[in-house]
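Student: Chains Z and P supply the protein sequences, listed in that same order. Take 433 as the starting number for the first sequence in the numbering used here and just add one per residue. Take 166 as the starting number for the second sequence in the numbering used here and just add one per residue.
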Amino acid sequence: MAHTPVIKAEGLSFKYNESKEGIFDVNFEINQGEAVLITGNSGSGKSTILKCLNKLIPTITEGELKGKLFINGEDYDSVKMYALNKKVGSVFQNPRSQFFTENSTAELVFPMENYGTDKEEMGRKLDELKKDFNLGKMMGRDIFTLSSGERQMLALASSLTMNQKVLIFDEPSANLDYGNAMRLGRLIDKLKHNGYTIIVADHRFYYLNGIIDKVFFMEQGKLTSFASEEEFKNSGYDTRSFDIFSLNIPFTGAAESKDSVVAELKDVSYKEILKNVNLKLHKHEVVGLVGSNGAGKTTLARLLCESNKPDGGKVVKGSLPFFIMQDPDYQLFGTSVDNELSLVKNDAKRIAECVDYLGLKPYRYKHPFDLSGGQKQRLQIAMALICDRDLIIFDEPTSGLDVYSMQRVSDEIVKLKEKSSVLVISHDYEFLRHVADRIVYLNDKTIEDDFILNKENVNRLNAIFGKMAEETA
Amino acid sequence: MRTKKKMSRIRINPVVLILINVIAPSMYILINGKYLQYFLLVFASFVLILMRRFKRLAGMLVIYGIMIGIYSITIQDDRTKFIGLFLVVLAQSVPCLVLASVLVSKYNSAELLAALETMRIPRVMVVAVTITLKYIPTFAREFTLIKESMRLRGIDFTLKKPIRSFKYFVVPQLFRCAALAEEVTAAGMVKGIDAPVRRSSYFEERVRWSDAMIMAIFVIGLAGGIVWHTRL
């Protein structure tokens, strides 16, 4: 019998309406039991390929589609969306909108209900998933109260309820801490060995080291295929992300800061999350705040912003910090880029300088919501640059950014410390190595480690990441 | 002890609550307004007691009381009359709104979906209604976030400039809403919401005695109102 690939693309092209972006003449074959990585910078067409694979293109996203796609030899055109998604499970990137319901049990049975599965069968499958993915503790809970690692498990389990054998992931690591990303890597490896076909689109892939069978590298909508992980590593493309700890990044050269203290936590406790935390933040210093998901990093930032009041201890600071949250959509209120910046400080000269420096000049009169994700973030950085606050806090500024954009943000953050103190909450090792002068490690309700990041101390940072990975093992 | 407490809380089939919410407001055409207003207030209180939603019951009675109180004061004077008349109309919808809020907050979207499905409403409608209902708690959550980030940005919600303040609230919501609608649709589509088979339900509930009794009391109350109305 001739061997049929699970998925095959022949001259696949898609162009979005009113945009030049898309994918062009893409050809590939994926066989059963393979783990495939689709990588490339933001906007290179990774997600477009995934949307073709689960048929969201052309069902929901409009545009011009050409070429052929086959699943187990069957033409995609002749397969209906609901029939296809019984074979292909999708795990999306956005933790907020990938769930249709708000209860974890409801989410797991949701696909089975849609396909009319009877109640006994649903109960049986639920038990099986509970066992396979260790979901015992999270059944029947409000999804918004789950941690990001738990949500990832839930998303994965619910995409396998119809016994799908092909699984696609869109940037699964974007919202995971290092430990949870490594656990996802182990899970993908296990699924692969159980015969599942796995397709992951991501621009960070350290958690997939040694697991990948094929790499599709996307560049401006064009696909280059590599037959193995080795071949990809030897290709001359930037594949450093495979082993983040071996990266040779120069240190910022910071020493113990003698500058003035802009904010201080004195013996601060908050609920069951933080206990007797002491921390001083200095001017002209970038502090990287690290710790597992749920360790209380964001709570600490919220205490500094007076969003939460400490139960014990004292928060001492001058002005209110400028807090840049993960989702820019909640933080933009202006009618144009210029207007947004003038809401921060009405200083036309400063605004013009900043807009120019950050490459936002062509978009000055655009509505902030019409900007791309990267541009929105640069707008936020521009806001931070012109504001008169002593402390600027970033919450996961690089989640979902490709390596190139991450490096760019790093440079901009380093620029910010010329005038302020900067606190970055991050689980992005590479980014921390670029920007941080000092590392503060939050674990078990308190600050477990606090050190200047230099050549002598880098092992301490590596050990923290190692520890976070062990916690999920 | 805990199970006993749970046992005594009567769980009402969401279909019953949906039906009541659909039927009740339209009855103002047929039935004397005053009678219906009092009946719905008593009936909603009764349902809330059965469901042991005492806080909500108290909230409903307080709001209702305040509205009627203001009505009785302002109605005395021709200059303030309009406020009272406006509030008395608003007060009529309070019992229904409270029952609807119980429906949205105490049942998850899967249960609502199942309830609507048993009512034989077309799938397209079912999905649209479910997504809308699902958006309400999301809206509340996002509202808090936006308010918080306005505070951090130093953009105050001031009554001096109500329109501008309102704009800061609403515009981000509209953009979020549009994005969310698309994402949620995609989430449903990849999980087979368009499958042309009769949906089954993990949460489907049989119509119990209690449901039938509640429905009966509701219908008898309305029928009584119609009889009274025609007699008068």
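Glycine residues also receive a C-beta, built at the ideal position from the N, C-alpha and C atoms.
Check whether the Cβ atoms of Ser266 of chain P and Glu545 of chain Z sit closer than 8 Å, and answer yes or no.
Tutor: no
Student: Determine the DSSP secondary structure at Arg167 of chain P, reduced to helix, strand or coil.
Tutor: Note on Arg167 of chain P: pLDDT 42, under 50, position unreliable in the model; the coordinate value appears next. In this structure, Arg167 of chain P counts as helix in the three-state DSSP scheme.
Student: Assign Ile358 of chain P to one of two classes, buried (16 or more other C-beta atoms within 10 Å of its C-beta) or exposed (fewer than that).
Tutor: buried
Student: Under a CB-based cut-off of 8 Å, is Tyr367 of chain P close to chain Z?
Tutor: yes
Student: Do three or more CB pairs link the segment 477-487 of chain Z to the segment 635-653 of chain Z at distances below 8 Å?
Tutor: yes
Student: I'd like to know whether the C-beta atoms of Val384 of chain P and Met284 of chain P end up nearer to each other than 8 Å.
Tutor: Between Val384 of chain P and Met284 of chain P, the C-beta spacing is not below 8 Å.
Student: If we define contact as Cβ-Cβ less than 8 Å, is Ala538 of chain Z a contact residue for chain P?
Tutor: yes
Student: Which word fits Glu844 of chain Z, buried or exposed, when buried means at least 16 other C-beta atoms lie within 10 angstroms of its C-beta?
Tutor: Taking every protein chain shown into account, the CB of Glu844 of chain Z has 16 or more other CB atoms within 10 angstroms, so this residue is buried.
Student: Output, in chain order, the set of chain P residues within a Cβ distance shorter than 9 Å of Ser774 of chain Z.
Tutor: For Ser774 of chain Z, no chain P residue has a C-beta closer than 9 Å to its own C-beta; the minimum C-beta separation is roughly 12 Å.
Student: Would you kindly work out how many angstroms separate the C-alpha atoms of Glu466 of chain Z and Ser657 of chain Z, rounded to a whole number?
Tutor: 14 Å
Student: Among P:Leu215, P:Val291, P:Arg363, P:Leu255, which residue has its Cα nearest to the Cα of Ile379 of chain P?
Tutor: P:Leu215
Student: Let's test the definition: count the other Cβ atoms within 10 Å of the Cβ of Thr471 of chain Z and tell me whether it reaches 16, buried, or not, exposed.
Tutor: buried
Student: Please report the straight-line C-alpha distance between Ala424 of chain Z and Lys452 of chain Z, rounded to a whole angstrom.
Tutor: Since the first residue of chain Z shown is 433 and the last is 905, residue 424 of chain Z is not available in this structure.
Student: Within 10 angstroms of the Cβ of Asn459 of chain Z, are there 16 or more other Cβ atoms? Answer buried if so, exposed if not.
Tutor: Exposed, since its Cβ has fewer than 16 Cβ neighbours within 10 Å.
Student: At a CB-CB cut-off below 7 Å, which residues of chain P make contact with Asp761 of chain Z?
Tutor: Pro337, Phe340, Arg341
Student: Spatial neighbours of Glu688 of chain Z within its chain, please: C-beta separation below 8 Å, excluding the five flanking residues on both sides.
Tutor: Ile884
Student: Does DSSP put Phe456 of chain Z in a helix, a strand or coil?
Tutor: strand
Student: Name the DSSP beta bridge partners of Ala933 of chain Z, please?
Tutor: The shown model of chain Z, from 433 to 905, leaves out residue 933 of chain Z, and the question about it has no answer.
Student: Please report the distance separating the alpha-carbon of Gln758 of chain Z from that of Pro337 of chain P.
Tutor: 15 Å
Student: With DSSP as the reference, label Thr350 of chain P as helix, strand or coil.
Tutor: helix
Student: By the 10 Å Cβ neighbour count, where 16 or more other Cβ atoms means buried, how is Tyr610 of chain Z classified, buried or exposed?
Tutor: buried
Student: Just the Cα atoms here: how many angstroms apart are Lys447 of chain Z and Tyr638 of chain Z?
Tutor: Whole-angstrom Cα-Cα distance: 31 Å.
Student: To test your reading of the DSSP string, which unbroken beta strand (DSSP E) runs of 3 or more residues are found completely within the segment 527-587 of chain Z?
Tutor: Correct list: empty.
Student: Use the C-beta contact count for Met166 of chain P: other C-beta atoms within 10 angstroms, 16 or more gives buried, fewer gives exposed.
Tutor: Any reading at Met166 of chain P needs caution, since the residue's pLDDT is 39, under 50, leaving its predicted position unreliable; the model's value is listed next. By the neighbour-count definition (other C-beta atoms within 10 Å, threshold 16), Met166 of chain P is an exposed residue.
Student: Could you pull the start and end residues of the alpha helix (DSSP H) that Asp822 of chain Z belongs to?
Tutor: Asp822 of chain Z -> no alpha helix (DSSP H), and no H or E assigned at all.
Student: Does Leu552 of chain Z get closer than 8 Å to chain P when you measure Cβ to Cβ?
Tutor: Sequence check: residue 552 of chain Z is Glu here, not Leu. Closer than 8 Å: no.
Student: Cβ closer than 9 Å: which chain P residues qualify as neighbours of Cys737 of chain Z?
Tutor: Glu313, Arg316, Leu317
Student: Can you confirm whether Asn566 of chain Z, when its beta carbon is compared against all beta carbons of chain P, has any partner nearer than 8 Å?
Tutor: Cβ-Cβ to chain P under 8 Å: no for Asn566 of chain Z.
Student: Does the separation of the CB atoms of Glu534 of chain Z and Phe565 of chain Z fall below 8 Å?
Tutor: Result no, Cβ atoms of Glu534 of chain Z and Phe565 of chain Z do not sit closer than 8 Å.
Student: Using the DSSP secondary-structure output, state which residues sit across from Gly495 of chain Z in a beta bridge.
Tutor: In the DSSP output, where bridge partners are listed per residue, Gly495 of chain Z has Z:Tyr448.
Student: If you draw a straight line from the C-alpha of Lys849 of chain Z to the C-alpha of Asp822 of chain Z, how long is it?
Tutor: 10 Å
Student: Do the segment 726-744 of chain Z and the segment 683-697 of chain Z touch if we need at least three Cβ pairs shorter than 8 Å?
Tutor: yes
Student: Return the chain-ordered list of same chain residues with a C-beta closer than 7 Å to the C-beta of Phe674 of chain Z, the five sequence neighbours on each side being excluded.
Tutor: Phe637, Tyr638, Asn641, Lys665
Student: Kindly say whether Val693 of chain Z, judged by its beta-carbon, lies nearer than 8 Å to any beta-carbon of chain P.
Tutor: Contacts with chain P at 8 Å (Cβ-Cβ) do not include Val693 of chain Z.
Student: Under the three-state reduction of DSSP, which class applies to Leu874 of chain Z: helix, strand or coil?
Tutor: strand
Student: For a test of the three-state rule: what should DSSP assign to Ala727 of chain Z, helix, strand or coil?
Tutor: Under the three-state reduction of DSSP, Ala727 of chain Z is assigned to coil, being neither helix nor strand.
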